[in-house]
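In full-length UniProt numbering, the protein residues as written are 1 to 169.
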């Protein structure tokens, strides 16, 4: 879990061990630019999981592509239902980012799309009249890999959730 001022973020990997996530965030209200690298060493789950082993299929692409539109609908539904009536509080947002990641992970897993690694990022921040830009970079195969993202805000907070689906050959 990472915090920048009034914004909290939790990266979650759905299938086993993620080699790492590189994301950058630019906060224009204070002219600070930071790049963070999250390695598996810094992110521990209570339950140790083995990486899934999948045999090579020798096919050129997935049998079924990841449905980005369905993932966007999931993000919209989860963010709206969990954040609609909430007021921003620091301790609450730290816990809520992890809760939202777990709920999104479970809902995306229900889509049953094989051979995709899923990375989920959730940001929750306070609306205080300041501006902020959140960006990410990914190195992937544009024909098979994709993402979905949704932005939500109410009177006191904003939430941004992103799902990255990377095809696992």
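Quick reminder that beta carbons are idealized off the backbone N, C-alpha and C, glycines included. The structure presented is a predicted model; accordingly, all values stated were derived computationally and were not measured.
*When the Cα atoms are used, what is the spatial distance from residue 150 to residue 124?*
Their backbone Cα atoms lie some 12 Å apart in a straight line.
*Local conformation of residue 81 per DSSP, three classes*: Of the three classes helix, strand and coil, the one that applies to residue 81 here is helix, per DSSP.
*Distance, Cα to Cα, residue 90 vs residue 126?*
Going from the Cα of residue 90 to the Cα of residue 126 covers about 9 Å.
*Within 10 angstroms of its Cβ, does residue 93 collect 16 or more other Cβ (buried), or is it exposed?*
Classification of residue 93: buried, given that the 10 Å Cβ count is 16 or more.
*asked:* What does DSSP give as the partner residue(s) for residue 163 in the beta ladder?
replied: Checking the DSSP bridge columns, you'll see residue 163 partnered with 120 and 148.
*Between 76, 121, 115 and 85, which lies nearest to residue 145 when the distance is taken from Cα to Cα?*
It is 115 whose Cα lies nearest to the Cα of residue 145.
*Whose C-beta lies closer than 7 Å to the C-beta of residue 72 among residues of the same chain, with five residues either side of it excluded?*
Around residue 72: 148 and 150.
*Exposed or buried, which one is residue 159 when buried takes at least 16 other CB atoms within 10 Å?*
With 16 or more other Cβ atoms from the protein chains shown falling within 10 Å of its own Cβ, residue 159 counts as buried.
_Which same chain residues end up closer than 8 Å to residue 141 when comparing Cβ atoms and leaving out the 5 residues on each side of it in sequence?_
Correct list, in chain order: 167.
*Assign residue 104 to one of three DSSP states: helix, strand, or coil.*
DSSP places residue 104 in the helix class (H, G or I) of the three-state scheme.
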